[in-house]
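Numbering (the working numbering), first residue to last: 4 to 139. Notes to accompany the following structure.
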Ligand code: ADP
């Protein structure tokens with residue numbers, strides 16, 4: 004019996020409802036799903052190296068990533084190919100969120116929050132609260 008562990012890596016700065024949508028979809032498909040938070044600011048080169056190493060350590064078979072629009076594709080494809088080269092045993096699997104989250108990004112949420120705009124419905128309530136506290 005296969006017991007497939009998928010890793011869903013990201014900055015999640017902050018977690019949005021789009022991320023939660025993907026977590027729900029992933030959790031339905033894979034036996035286990037580990038959400039892994041990246042701490043590197045300069046993430047690009049480190050991301051691939053550390054991520055595949057982490058996947059190896061945890062014996063994960065899948066890296067889950069989200070694709071919102073064509074604009075995500077090029078970057079994601081490059082990273083998936085590099086990760087495959089670094090660790091051929093791990094497959095990158097892409098999932099699409101509900102259309103209503105396809106415009107949502109952590110960067111936009113941070114910008115809206117910084118300018119005092121409404122972020123209700125874009126992030127979980129607890130994140131909304133924390134972002135509000137930060138702005139005070
Ligand atoms: P990263 O900086 O590694 O892209 P993010 O936290 O921005 O980290 O995103 C993590 C993953 O979640 C990425 O695969 C990204 O494409 C995906 N993602 C981000 N926002 C959404 C969204 N609204 N819907 C679906 N997937 C998303």
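Note that beta-carbon positions come from the ideal geometry of N, C-alpha and C, so glycine has one too. Computed from a predicted structure; not experimentally measured.
Same chain, Cβ closer than 8 angstroms to residue i, neighbours up to 5 away in sequence not counted
| i | result |
| --- | --- |
| residue 124 | 20 |
| residue 61 | 8, 10 and 37 |
| residue 31 | none |
| residue 35 | 6, 7, 8 and 9 |
Boundaries of the beta strand (DSSP E) in which residue i is found, first to last residue
| i | result |
| --- | --- |
| residue 38 | 35-40 |
| residue 3 | Lying before the first or after the last residue shown, residue 3 is absent from the chain, which here runs from 4 to 139. |
| residue 64 | Unbroken run through residue 64: none, as it is neither H nor E. |
Residues near residue i by beta carbon distance below 6 angstroms, same chain, minus five either side
| i | result |
| --- | --- |
| residue 40 | 15 |
| residue 83 | 95 |
Start and end residues, alpha helix (DSSP H) containing residue i
| i | result |
| --- | --- |
| residue 1 | Any answer about residue 1 is impossible in this case: the structure gives the chain only from 4 up to 139. |
| residue 26 | 20-32 |
| residue 96 | Element bounds for residue 96: not the alpha helix (DSSP H) but the beta strand (DSSP E), 94-98. |
| residue 116 | 109-117 |
Proximity to residue i [Cα-Cα], best of the options
| i | options | result |
| --- | --- | --- |
| residue 6 | 33, 116 and 22 | 33 |
| residue 69 | 98, 54 and 63 | 98 |
| residue 216 | 12, 55 and 24 | What the structure shows of the chain is the stretch from 4 to 139, and residue 216 is not part of that stretch, so it cannot be assessed. |
| residue 56 | 119, 122 and 93 | 93 |
| residue 88 | 136, 54 and 100 | 54 |
| residue 96 | 77, 122, 30 and 66 | 66 |
| residue 116 | 79, 137 and 12 | 137 |
| residue 42 | 129, 127 and 13 | 13 |
Inter-residue CB distance, residue i and residue j (contact presumed, cutoff 8 angstroms)
| i | j | result |
| --- | --- | --- |
| residue 17 | residue 134 | 7 angstroms |
| residue 122 | residue 131 | 6 angstroms |
| residue 90 | residue 64 | Not quite, the Cβ-Cβ distance comes to about 10 angstroms (not below 8 angstroms), so this is no contact. |
Cβ-based neighbour list, residue i, same chain, cut-off 7 angstroms, excluding 5 preceding and 5 following
| i | result |
| --- | --- |
| residue 86 | 51, 54, 55, 66, 93 and 95 |
| residue 100 | 21, 24, 25, 69 and 71 |
| residue 112 | 17, 19, 122, 125 and 126 |
- Are at least three pairs of beta-carbons, each pair with one atom in the segment 100-113 and one in the segment 73-81, less than 8 angstroms apart? no
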